[in-house]
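*Asks:* Chains A and B supply the protein sequences, listed in that same order. With the working numbering applied, the first sequence covers 1 to 226. With the working numbering applied, the second sequence covers 227 to 617.
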Amino acid sequence: MRPVVRRQLGIAIGVVLGGALLVILNAPGCEQLHAPGPMNTGHAEVACDGCHKPARGTLRQQLQNAARHGLGMPAVELDIGYRAVTNTECLACHDRPSDRHPVFRFLEPRFADARSRLHPEQCASCHAEHQGARVTAVDITYCRECHQDTKLADDPLDVSHRDLVAEERWDTCLRCHDYHGNHAAEPPRRLDDMIPLDSIRTYFRGGPSPYGDPILRANRPEASTL
Amino acid sequence: MSTKSARVRPPTWRSFLVIVSTTIAICVYLFVQAPPPLAAQTIEAGTVPMRSVFSMLELENDAARALWTEEIVDRGKAVGLAFDERWREETVHAGPLPALFLRETARNLERTQLQLSLFLGSPYPINTANQLTADQAAHFTALTEGGAPQFFFEPTTGRHTAMFVDRAVVASCVTCHNEHADSPKTDWKLHDIMGATTWMYPHEAVTTERALELVGAFRASIRAAYAAYLEKAAAFPKPPVVGDKWPKDGYFVPSEDVFMAELARRTSTTTLRALLEPRFAEIAAASEPVPDALPAPVRAPELASTSARPRRDVLTIRASRSTRVTVERDGSRLLVARIPAGGSTTLTARPPLQIHVSEPAEVEIEYDGQEIAVESENIVIGDGELSRGKS
């Protein structure tokens, strides 16, 4: 076979295989093939379009906008194809009236330090998706950022909260209290009855709740098609 | 070696043409405006300064807090309704305390996606999570020392921010905070500055349309907070009767519409004027003492005409410096307002009326076109006669 013909045949085969791959990846039911990782706990039935919404405008408008931005010209948001997933998508299912730590509260100016270190104003800071887990934050001592002054006049715990703070035992917080306050179990009154650290870590990885049953379960996303 | 050299050929005129054509095509695709450019989603290129809108919202918030605290919590407790910090718990048959009613409102506001935020903080909070710290504490100090609202830009969130004083407006604020086991300060007095409300928004100025939308969203958030209370109250062992009566009438609570109509009655005149005169909102929401830089007092045109053609039962109160005014009839509060320096307010109401003004020396009062002597903080307009009441 002549070199030119062989090269042209190679290009043709590449084009056909590439096209076929694109078709397969975009076929219904094949979304997991191009997902960056397994879905987080409880999200197995959430469809891609439950969180990934199309960006505004046509693809051409989006590319033009990005090109203008690249050249330093005024441009609006830079999403191409799909818009960035934000708190809005999370709260569509997980917004609860009695959330102890709703993300918006951390926008207040006084939380500037906590924002710079933890970004508690974003759900994904602790719940990064496609990790196959429930909570992706590794350090469980983050309560120290805001609760340095905790002291209760009528402290129900056998070791006072004031002492726990003074001794910097920040690993004890989540072993009695769940961060969002969405579970039925009452916090223990004795420090010895704390939840074992392993149970907390197992729960973070997607295991059973050590805090009791959820008070409110998440809504199903409207856009779910599965 | 020789094979590789043979593959690297100088570009021919054909490849040059392909490169140039491709570049032109990409440039046309990216830069020629066949489709309209992606429009900005916001409508913020307005001329209403956000500090005026913040002030407008704060006046609404002041009125809503006073309405909830005085007419629902205070009078509700007197007839057996309960209010508790654990009101969201299923086994607690109670409504939200004032601070939690504001938090409920703030949470509803966040849900609107308008990016308007409201927070309540204090240097002496019952819940330490509401402690004002860092830059916010510094602004609070300036707020209490200078008396004027604080407006600043918060760079880490990119939000324009306003802080206003939050005072103990009724006795129950003082009682509750002085008696709570976790309160770090127990010598609060009526009208003390107990903390501050903080408002945040991403833009420095908005259109009138957006300003209206923000006020509307805030009122809708208050309505939703009140609706949440009614939903909870319906599950009480002895639910209060919901309708057009208030706790002052007995074991009743107003319906959503009645509650919101009363709020609108108390705030709409001020808010409308603030929309027409944005600077008015800032003056009205400012704390005492009034800054020297305020414009000279101007008598509102509608008051001049009112004086010339007095109508029946029209009460007019003018103030030459910022003054807090309360008007009641038969124990029912008809008006709670802060009149800015040079400002005025009118109310159509039958006598007898009990009026309380914080600055009697700076106030003029007319009723049915007749001037009323203001000799003390408390003035009574009786049925058919005008007299000064006892303090």
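Just so you know, even glycine gets a beta-carbon here, dropped at the ideal spot from N, CA and C. Since the structure is predicted, the reported quantities are computational estimates derived from the model, not experimental observations.
Give me the subset of the stretch 336 to 347 of chain B whose CB atoms are less than 8 Å from a CB atom of chain A, sorted by chain position.
*Replies:* For the stretch 336 to 347 of chain B, which is checked against every Cβ of chain A, the residues closer than 8 Å are E336, R337, Q339, S343, F345 and G347.
*Asks:* Decide if G568(B) is buried, meaning its Cβ has at least 16 other Cβ atoms within 10 Å, or exposed.
*Replies:* Here residue 568(B) is taken as the residue at index 342 of the second sequence, counted from 1. With 16 or more other Cβ atoms within 10 Å, it is buried.
*Asks:* Give the range of the beta strand (DSSP E) segment to which I598(B) is assigned.
*Replies:* Here residue 598(B) is taken as the residue at index 372 of the second sequence, counted from 1. Unbroken beta strand (DSSP E) run through I598(B): Q596 to I598.
*Asks:* Mapping DSSP to helix, strand and coil, what is W472(B)?
*Replies:* Against the second sequence, residue 472(B) aligns to sequence position 246. Note: W472(B) maps to coil in three-state DSSP.
*Asks:* Give a single yes or no on whether T136(A) has its beta carbon closer than 7 Å to a heavy atom of the ligand NAP.
*Replies:* Among the ligands in the structure shown, none appear at all, so the ligand NAP cannot be discussed.
*Asks:* In the DSSP assignment, the alpha helix (DSSP H) including T493(B) goes from what residue to what residue?
*Replies:* The residue labelled residue 493(B) in the question sits at position 267 within the second sequence. Per DSSP, T493(B) belongs to the alpha helix (DSSP H) from E482 to L502.
*Asks:* If you draw a straight line from the C-alpha of N241(B) to the C-alpha of T249(B), how long is it?
*Replies:* Position 15 of the second sequence holds residue 241(B). Position 23 of the second sequence holds residue 249(B). One point to set straight first is that residue 241(B) is Ser, not Asn, in the sequence displayed. Cα to Cα, S241(B) sits roughly 12 Å from T249(B).
*Asks:* Kindly indicate which three-state DSSP category V4(A) falls into: helix, strand or coil?
*Replies:* Residue 4(A) sits at position 4 when you count from the first residue of the first sequence. Correct three-state label for V4(A): helix.
*Asks:* Do the CB positions of F204(A) and A153(A) come within less than 8 Å of each other?
*Replies:* In the first sequence, the residue the question calls residue 204(A) occupies position 204. In the first sequence, the residue the question calls residue 153(A) occupies position 153. Their beta carbons are not under 8 Å apart, which means F204(A) does not touch A153(A) by this criterion.
*Asks:* So the candidates are R449(B), H406(B) and R333(B); which of them puts its Cα closest to the Cα of W294(B)?
*Replies:* Start at 1 with the first residue of the second sequence, and residue 294(B) comes out as number 68. Of the listed residues, the one whose Cα sits closest to W294(B) is R449(B).
*Asks:* Using 8 Å as the limit for Cβ to Cβ distance, is D163(A) near chain B?
*Replies:* Locating residue 163(A) in the first sequence gives position 163, where the first residue counts as 1. So, not an interface residue.
*Asks:* Return no unless some Cβ of chain B is closer than 8 Å to the Cβ of T172(A).
*Replies:* By one-based count along the first sequence, residue 172(A) stands at place 172. Closer than 8 Å: no.
*Asks:* What number of angstroms, rounded off, separates the C-alpha of N65(A) from the C-alpha of Q339(B)?
*Replies:* Residue mapping note: residue 65(A) aligns to position 65 of the first sequence, counting from 1. Residue mapping note: residue 339(B) aligns to position 113 of the second sequence, counting from 1. Roughly 24 Å between the two C-alpha positions.
*Asks:* So, for A310(B): in the same chain, excluding its five sequence neighbours on each side, which residues have a beta-carbon less than 6 Å away from its beta-carbon?
*Replies:* Looking up residue 310(B) in the second sequence gives position 84. For clarity, residue 310(B) is Asp in the given sequence; the question names Ala instead. Taken in chain order, the residues that qualify are V318 and A320.
*Asks:* Report the rounded CA-to-CA distance for A587(B) versus V600(B), giving the unit in angstroms.
*Replies:* The residue labelled residue 587(B) in the question sits at position 361 within the second sequence. The residue labelled residue 600(B) in the question sits at position 374 within the second sequence. Computed Cα separation, rounded: 7 Å.
*Asks:* Mind checking who Y593(B) pairs with in its DSSP beta bridge?
*Replies:* To locate residue 593(B), count along the second sequence from 1; it is residue 367. Y593(B) pairs with L541(B) and Q596(B).
*Asks:* How is the alpha helix (DSSP H) around L438(B) delimited, first residue to last?
*Replies:* For this step, residue 438(B) is matched to residue 212 along the second sequence. From DSSP, the alpha helix (DSSP H) with L438(B) extends over T434 to A460.
*Asks:* What residues from the stretch 11 to 37 of chain A come within 9 Å of chain B, judged by C-beta to C-beta, listed N to C?
*Replies:* The stretch 11 to 37 of chain A vs chain B, Cβ under 9 Å: nothing.
*Asks:* Starting from W425(B), follow its DSSP beta bridges and name the residues at the other end.
*Replies:* Here residue 425(B) corresponds to residue number 199 of the second sequence, with the count starting at 1. DSSP, once it has assigned bridges, lists L344(B) and A388(B) as partnering W425(B).
*Asks:* Straight-line CA distance for K151(A) to S160(A)?
*Replies:* Position 151 of the first sequence, counted from the first residue, corresponds to residue 151(A). Position 160 of the first sequence, counted from the first residue, corresponds to residue 160(A). Their backbone Cα atoms lie some 8 Å apart in a straight line.
*Asks:* Along the chain, where does the alpha helix (DSSP H) containing E380(B) start, and where does it finish?
*Replies:* Numbered from its first residue, the second sequence carries residue 380(B) at position 154. It is not in any alpha helix (DSSP H) - E380(B) instead sits in the beta strand (DSSP E) that spans Q376 to E380.
*Asks:* For R393(B), name the three-state secondary structure that DSSP assigns.
*Replies:* Against the second sequence, residue 393(B) aligns to sequence position 167. Strand at R393(B).
*Asks:* Would the beta-carbon of R277(B) fall within 8 Å of that of E482(B)?
*Replies:* Counting from 1 along the second sequence, the entry for residue 277(B) is found at position 51. Counting from 1 along the second sequence, the entry for residue 482(B) is found at position 256. No; because the gap between Cβ atoms is not below 8 Å, this pair is not in contact.
*Asks:* Go ahead and label V246(B) buried or exposed: buried means 16 or more other beta carbons lie within 10 angstroms of its beta carbon, across all protein chains shown.
*Replies:* Residue mapping note: residue 246(B) aligns to position 20 of the second sequence, counting from 1. Classification of V246(B): exposed, given that the 10 Å Cβ count is below 16.
*Asks:* Whose CA, out of D139(A), L25(A), R217(A) and Y211(A), lies closest to the CA of W170(A)?
*Replies:* For this step, residue 170(A) is matched to residue 170 along the first sequence. It is D139(A).
*Asks:* What does A563(B) pair with, by DSSP beta-bridge criteria?
*Replies:* Working through the second sequence from its first residue, we reach residue 563(B) at position 337. The partner list for A563(B) (beta bridge, DSSP) reads V551(B).
*Asks:* Go to H582(B), then tell me how far its beta strand (DSSP E) extends in each direction, as first and last residue.
*Replies:* The residue given as residue 582(B) occupies position 356 in the second sequence. Per DSSP, H582(B) belongs to the beta strand (DSSP E) from L579 to V583.
*Asks:* At the level of alpha carbons, what is the spacing between R201(A) and V46(A)?
*Replies:* Locating residue 201(A) in the first sequence gives position 201, where the first residue counts as 1. Locating residue 46(A) in the first sequence gives position 46, where the first residue counts as 1. In a straight line, the C-alpha of R201(A) is about 24 Å away from that of V46(A).
*Asks:* Quick one: residues in its chain with C-beta nearer than 8 Å to the C-beta of T268(B), no 5 flanking neighbours on either side, listed in chain order?
*Replies:* Stepping through the second sequence from its first residue, residue 268(B) is reached at position 42. With a pLDDT of only 46 at T268(B), under 50, the local geometry of the prediction cannot be trusted, and no value is derived from it.
*Asks:* Does the beta-carbon of C123(A) have 16 or more other beta-carbons within 10 angstroms, so that it is buried, or is it exposed?
*Replies:* Sequence index remark: in the first sequence, residue 123(A) carries index 123 (1-based). The residue in question, C123(A), is buried, as its Cβ has 16 or more Cβ neighbours within 10 Å.
*Asks:* Pull the bridge partners of Q357(B) from the DSSP assignment, please.
*Replies:* Position 131 of the second sequence, counted from the first residue, corresponds to residue 357(B). According to DSSP, which records beta bridges pairwise, Q357(B) is partnered with S348(B).
*Asks:* Within the same chain, show all residues whose beta-carbon is closer than 7 Å to that of F618(B), passing over the 5 residues directly before and after it, in chain order.
*Replies:* Absent from the structure is residue 618(B), since the part of chain B shown begins at 227 and ends at 617.
*Asks:* Measure the alpha-carbon distance for G14(A) versus R117(A) and round it to whole angstroms.
*Replies:* For this step, residue 14(A) is matched to residue 14 along the first sequence. For this step, residue 117(A) is matched to residue 117 along the first sequence. The straight-line gap from Cα to Cα measures roughly 47 Å.
*Asks:* Quick check: what's the CA-CA separation for L78(A) versus A137(A)?
*Replies:* Counted from its first residue, the first sequence places residue 78(A) at position 78. Counted from its first residue, the first sequence places residue 137(A) at position 137. About 28 Å.
*Asks:* Mind checking I605(B): buried by the 16 CB within 10 Å criterion, or exposed?
*Replies:* Within the second sequence, residue 605(B) is the residue found at index 379, counting from 1. By the neighbour-count rule (16 or more Cβ atoms within 10 Å), I605(B) is buried.
*Asks:* Whose C-alpha, out of E585(B), K303(B) and T273(B), is nearest the C-alpha of S398(B)?
*Replies:* Indexing the second sequence from 1 puts residue 398(B) at position 172. Nearest C-alpha to S398(B): K303(B).
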